[in-house]
Amino acid sequence: MRVALNTSEDFPSSEAAATPDRIARFEVVGAGGRRPVTGYRVEGNALVAEVTPGAGLTLVATVTKPRLIVLEQEIFNTYLREEGLEPILAARTARGQTYAEGRERYSKIAKLALCADSSAEQRRYREPLGLRLEIVPLTNPCGLRAGDVLVVRVLFEGRPLVHAWVAAGTAGTHGHHSPFRQTTDADGRVIVPLDRSGAWFVRALHMVPSTEFADADWQSWFSTFTFAVE
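Now the structure itself:
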C-alpha cells in the first residue's frame, strides 16, 4: 500500500514534500511488531512509501528532524495567538521579546491508522508509540462511522498534556479554521464528534522554551493522527 506524507494548510493535499534526509523516524507498527519503513522517496509534492498492513490495525508513524524557522515578530505573535499558545506569548513578554523575531525549532509527527479488519480485537491502539508529542486514540479507530465519537489522549514525553488545544477536521479544512477545536481535560483527553464520512485528522501543537538548540528560543512539535470514517 502506498502512503504519502503531505505538508499543507489544506487537508489532505500537499504543497511541498519533506525530503528523505529530514526523516528521523519512519516505521510501521502492527500485530507482527514494529519495523522500519525504507525506500521512501519524493513524488511530486509528497514523500511516499510502500507499506504492507497486517491483520487488524496497523499504525504508520513518521517524525521529522527539528528545523529552524525565524519569523518576524508580528507574524510570530499572530501564529501564537491563532494556535492558542498564550503561555508562550506571556513568556515572550516576560523575556522582553514581544517585539523580537520568533526563533523556533519545529518537528512534525504524523501517525496514520490503517484498518484491515475492524472486528478484530486490537486494543493495542491505546498503546503509545513513544513519540515526543503523541495523539493516542482511546476509541478503536477501526470501524468508525459518521455519528460516532473518537476519544483521544494527547501525551507529551509520555505524560498527559493538560489544557492543550486540539483541532480536528476533514477534507477541505484550511489552516487554523478547523470545524472542531477544544482543549484537553485534566487527563489530556478530548472527545471528537465525527459528523461525516471520509478521511479525518486530529492535530495538536506544543511549544516549550528551547533547551536543546542554541540557535532557537523555542522548540515545538506538530502532531497529527489521521484515520478514516465510513
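With the numbering used here applied, the sequence shown covers 3 to 232.
Glycine included, C-beta positions come from ideal geometry on N, C-alpha and C.
Given a cut-off of 9 Å, decide if residue j and residue i are closer than it, judged by their beta-carbon atoms.
i, j, result
"Gly190", "Pro162", "yes"
"Thr64", "Lys110", "yes"
"Ala19", "Leu49", "yes"
"Leu116", "Val53", "yes"
"Pro22", "Val44", "yes"
"Ala112", "Leu7", "yes"
"Leu70", "Met209", "no"
"Gln1", "Asp217", "What the structure shows of the chain is the stretch from 3 to 232, and residue 1 is not part of that stretch, so it cannot be assessed."
"Leu152", "Leu196", "yes"
"Ala51", "Arg4", "yes"
Tell me which residues share the same chain as residue i and place their Cβ nearer than 7 Å to its Cβ, disregarding the 5 neighbours each side in the sequence.
i, result
"Glu103", "Val72, Leu73, Glu74, Gln75, Phe78"
"Ala33", "Gly56, Ala57, Gly58"
"Thr186", "Val156, Leu163, Val164, His165, Ala166, Val168, Val192"
"Arg147", "Val231, Glu232"
"Asn47", "Ser16, Glu17, Ala18, Ala19"
"Asp180", "Inspection of the sequence shows that residue 180 is occupied by Ser rather than by Asp. Contacts found: Ala169, Ala170, Gly171."
In chain order, what residues of the same chain have a beta carbon less than 6 Å from the beta carbon of residue i, not counting five sequence neighbours either side?
i, result
"Arg27", "Val65"
"Trp202", "Thr172, Phe229, Val231"
"Arg183", "Ala169"
"Leu114", "Val62, Thr228"
"Arg205", "Ala169, Thr226"
"Leu91", "Leu82"
"Phe158", "Leu135, His208"
"Tyr101", "Gln75"
"Arg37", "Val30"
Helix, strand or coil, according to DSSP, for residue i in the structure here?
i, result
"Pro181", "coil"
"Asp23", "helix"
"Glu76", "helix"
"Glu17", "coil"
"Thr228", "strand"
"Tyr101", "coil"
"Arg125", "helix"
"Leu91", "helix"
"Ala216", "coil"
"Ala96", "helix"
"Glu136", "strand"
"Glu11", "coil"
"Ser109", "strand"
"Leu116", "strand"
"Ala188", "coil"
"Ser199", "coil"
Using C-beta distances below 8 Å, list every residue in its chain close to residue i, excluding the 5 sequence neighbours before and after it, in chain order.
i, result
"Arg128", "Val138, Pro139, Leu140"
"Ala214", "Ala is not the amino acid found at residue 214; the sequence shown has Glu there. So the list reads Pro68, Arg107, Gln221, once near-sequence residues are dropped."
"Ile25", "Tyr42, Leu49, Thr64, Val65, Thr66, Lys67"
"Gly160", "Pro130, Gly132"
"Arg198", "Ala148, Thr172, Val231"
Original post:
Is the region 219-226 touching the region 132-145, taking contact as three or more C-beta pairs under 8 Å?
Top reply: They touch, by the three-pair rule.
Original post:
Are there three or more Cβ pairs, one per stretch, closer than 8 Å when the region 4-13 is compared with the region 173-188?
Top reply: yes
**OP:** Would you mind listing the alpha helix (DSSP H) stretches within the region 25-86 that are 4+ residues and don't spill past its ends, in chain order?
**Re:** 75-84
**OP:** Output the residue ranges of the beta strand (DSSP E) runs that lie fully inside the region 140-176 and measure 3 residues or longer, sorted by chain position.
**Re:** You should have 151-158, 167-172.
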